[in-house]
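Shown next, in structure tokens, is the structure this report addresses.
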Amino acid sequence: MKKNQVYCEKTHRVPRWLRSLWRSKTGLIGLLIVLTVTICAVFAPYIAPYSPSEMHPVDMLVPPFFSEGGSTRYLLGTDNLGYDILSRIIYGARVSLLIGVLSVVVAGVIGTLLGLLAGYYGGILDGIIMRITDAFHSIPRTLLALVAVVLMNGSLVTIIIVIGVTGWITYARLIRSEVLSLRQREFVKAAITIGTPDWQIITRHILPNVFSSFVVVSTLAVASSIIAETSLSFLGLGINPPDISWGFMLSIGRNYLSSHWWVATWPGIALTVTVLGIMFLGNWLRDYLDPHNQGL
Amino acid sequence: MLRYFFKRVGQMIPVLLIITLIVFLLVNVAGDPTANMLPLDATEEDHEILREAMGLNRPILVQYVDYLGDMLKGDFGTSYRYSLPALDLAMERIPASLKLAGTALLFALILAIPLGIFSAQFANSPFDIVISGVSVLGRAMPNFWVGIMLILLFAVKLKWFPVSGSTGAISLVLPALTLAIQSASQIIPLVRSNMLTIMNEDYIRTARSKGLRESAVVCIHAFKNALVPVVTIVALELPGLIGGALITETVFAWPGLGQFLIQAINNKDMSVVQVCIFLIACITLAANLLADLVYCLIDPRIRYE
Amino acid sequence: MSSDVLLKVKNLNTYFKTENGLLQAVDQVTFQVRKGELLGIVGESGCGKSITSLSIMGLTAKNCVVEADSIAFENKELTTLSDKERRDLRGGDMAMIFQEPLTSLNPLFTIGYQLEEAIRCHNKISRSQASELAVAILEKVGIARAHEILHEYPNSLSGGMRQRIMIAMALVNDPSLLIADEPTTALDVTIQAQILQLIRNLMREFGTAVMFITHDLGVVAEIADRVMVMYAGQIVEEADVYDLFAHPYHPYTSGLMGSTIQVQQEKQVLQTIPGTVPSLTKMPKGCRFAPRCPYAAEACRVTMPELEELPDGRRIRCLRWKEKTHNG
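Residue numbers (this note's numbering), protein chains in the order written: chain P, 359 to 654; chain R, 719 to 1023; chain D, -7 to 320.
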């Protein structure tokens, strides 16, 4: 055994979450990405070189600055109507984050409520709710969202609601299984025995313990909501002009693939990087909040 | 085992009913089915007359029961665009979609299972890190963008495959690959973590203590146990595959059920929309049932339940 | 190596790799097993007895580091053998059975498959020949309806049956050494007695030597020829079974014996050894048992006692054993 491998414990001064974040390189990258996207969304008018609705009919389909024919005036090039792609990507972050976060709130509220009811009361209520989740699960989310949006004439609010409503089953299933196992725990049984009213048990004993799973699922749900919205917009059924969405930019780009590769590539990269960042952050959160890891 | 099969089918029936309810409510309550059926200059009165004639002003429950009754007779209404029964039109498109989804699943499994097993065997090696990174990337990229990028690389730049359409087997490759990448990205980490858990099980230690070669330990003992959760994973992946197929079919102009549905949505052809959703849901349920049966075959413990 | 010594282990050290360095689980363990004898290895959970046997078999996990001056088995030096050569020994001349027979058998394969696999791994014979051998060994371990059992899955059998099958799997290739790691701990007491009887009979019939690991002194008293007591990764005492039970020299050994309940005695209070086994990360300097030892002196807390070999064959690791035996 080498001498420098002898066991020795370390003491720390830096707070635990920061240490954990530093150790998990992907978590750090995720946080940075999410921060960047949020800043772009919030401060878009100050960051973007052009206004997103500023057309330059003279400079249509200009390649990115590093390609032949490109210029540093339009770093990522322009699209078929002369819009600067970089600016539109920065503004597109607004829509993605807004829809992503708000729809998760909708899904979270519905899903948590139903999951709680199913898990806590069990019996027929549980059976019914589970059958409904099975039904929703059998219809692909994209499909449901598509149909709903079309029928209800997609405005921003409608899209948020639709994506939220189609995403509740993840929450419901998770919350339900957590509640089921919590109900068997001694402290909940004790509370029931001494006659604590149901709503108190739920709010005081169950919800706080479900919290960390909820946070992790929510983070990843934001990512899938963003992808859902992008898919809708790609099919022309989501965000339409004058609002800007990466999905819509992609649908335009598809028509110009043969000769103008950049119109489709940049929005796709923006989307992938954003989703990656959220996923990394979510994974780090899950590892950090996992009670089994508390000892480290 | 036959009893198990019938039990599962029985469980599916309430689910199917709820699906029909969802579809029905969506179409008849949320939207106005007559919206596109009359010329643009028709007045609100004209729409009202049509609605009355179609029986859309009756109580919801009555309409729903009628709707169910028609469904059981195989009548899903007529496509107002093609003036043909919606069910027949939709059924024509199913083989193409099944071909796509089936090939995609095959590609996905061929990719994901070996990669997952090797990642577990060489955990934390550079190989493992690269594969994990690639599968994370695959989960982050929306599948239509993957499709677009594949078209860009393989159809436009390299010209190995056609850009779209369905001219023979070669045009199946890119769309199937697109879907496969989406699925494989979900399956690889699950296979990997299952294998890691299994390799710590006691029976693996026993297999080694018998003097078996490591390759036999992994490929026979560990692998069969790893298959069990893979079947579950595949079953869970199926709605995603079918949903992804919707968009992929549009990107590649593949003449399947998904593309048909999107066209119908854009045309507001409601009967077709209804029947397509219903069929897709049925296919998903059937696939889940199939996965359950395969599960039963592999794991003798299930048979005793 | 003298002709009746089957296994000779010299200075075996096993470590766990952790984030903060190496943790030592087995410390300078040296011992021998003679042909045909049953060596009982006794100690509390975490004393390193299982890891010792896994290290000898070469079955430790990837995060373990095994070092030894020598592990000699039947005149082969195991530490210098290739992986393939060690694999040939495993399941052949050296076999092992474990504590949990349910989880130790693969639930998705039949008993017949798993038995035949063990046979054909070391013998180039046909499937049908292997099948016959499987039936024969199952009958030898006392399983009736052996032919039917071959087609069953582990989950449909009782714990006692499964442990018999594990024993069959281990003995089918006629090993000279069987390592049994707590084989009866997970079984009912009546089944336990049957399994112990079975092991004894098979030992006599096949001439197999056995290393029997357990925390149960009663079991050791019943079947062992010699006993080795381990504590915190070290051997603290080793003696012939009768000598040990008549006169335990080490305070830990006598503490263990005092903690067992004997029906005939009338004790008012259950005796225990105060304190707990030290954690691997916080090993005491000096004698590892000193914090819990009623005979501990200052010297005990400072100096680590060596494992002394006495003229009658006993080995003892204690600075004050002479005083203890004259007083206790």
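Even glycine gets a Cβ: it sits at the ideal position worked out from N, Cα and C.
Nearest-angstrom Cβ-Cβ length linking residue i and residue j, presumed shorter than 8 Å
i	j	result
C279(D)	P297(D)	6 Å
I63(D)	T71(D)	6 Å
R644(P)	V574(P)	4 Å
V948(R)	V909(R)	6 Å
Coarse secondary structure for residue i, derived from DSSP in three states
i	result
Y722(R)	helix
Q226(D)	strand
L169(D)	strand
I205(D)	strand
L302(D)	coil
Y244(D)	helix
D442(P)	strand
D80(D)	helix
P803(R)	strand
L1003(R)	helix
D1010(R)	helix
A873(R)	helix
D759(R)	coil
K68(D)	strand
D764(R)	helix
R293(D)	helix
7 Å Cβ shell around residue i - same chain, five flanking residues per side excluded
i	result
G134(D)	R156 and L190
I960(R)	A819, I998, I1001 and T1002
I141(D)	I103, L130 and I135
G250(D)	Q263
Q24(D)	V(-3), L(-1) and K0
When the options are compared against residue i, the one with the closest alpha-carbon
i	options	result
S591(P)	L758(R), S837(R), F862(R) and S815(R)	F862(R)
A493(P)	T896(R), A1009(R) and C1000(R)	C1000(R)
G626(P)	S378(P), S616(P), R612(P) and T528(P)	R612(P)
P600(P)	L629(P), V400(P), G450(P) and L471(P)	G450(P)
M859(R)	T796(R), A898(R) and E967(R)	A898(R)
I448(P)	H414(P), T430(P) and A399(P)	A399(P)
F724(R)	I1016(R), A873(R) and L1008(R)	L1008(R)
T528(P)	S583(P), V505(P), R371(P) and T554(P)	S583(P)
V741(R)	Q781(R), I767(R) and M772(R)	Q781(R)
V294(D)	L311(D), V18(D), L302(D) and E300(D)	L311(D)
F90(D)	S45(D), D208(D), D61(D) and K316(D)	S45(D)
Q729(R)	C1014(R), N1006(R) and Y1013(R)	N1006(R)
L194(D)	E214(D), E174(D) and L170(D)	L170(D)
Close beta carbons around residue i, own chain, < 8 Å, minus the five adjacent residues each side
i	result
E412(P)	Y441, D442 and S445
L97(D)	I103, Q106, P146, R154, I157 and M158
E810(R)	none
Beta carbon of residue i nearer than 9 Å to that of residue j
i	j	result
T200(D)	S246(D)	no
L434(P)	P422(P)	yes
S454(P)	W604(P)	yes
L595(P)	V507(P)	yes
P957(R)	T1002(R)	yes
I497(P)	I995(R)	yes
L501(P)	L871(R)	no
R452(P)	I602(P)	yes
V395(P)	T632(P)	yes
G664(R)	S797(R)	Chain R is shown only over 719 to 1023; residue 664(R) falls outside these bounds and no answer can be derived.
C56(D)	M222(D)	no
I205(D)	S42(D)	yes
I906(R)	L954(R)	no
L945(R)	I847(R)	no
T623(P)	M867(R)	yes
M161(D)	T885(R)	no
G480(P)	W526(P)	no
L31(D)	M203(D)	yes
D235(D)	R309(D)	no
Q20(D)	L302(D)	no
Contacting residues, own chain, Cβ-Cβ under 6 Å from residue i (five flanking each side not counted)
i	result
I891(R)	The amino acid at residue 891(R) is misidentified as Ile; the sequence shows Val. Around V891(R): F879.
G458(P)	V580, S583 and I584
A476(P)	D484, I487 and R534
Chain-ordered chain A contacts of residue i [CB-CB under 9 Å]
i	result
F90(D)	No chain A appears in this structure, whose protein chains are P, R and D.
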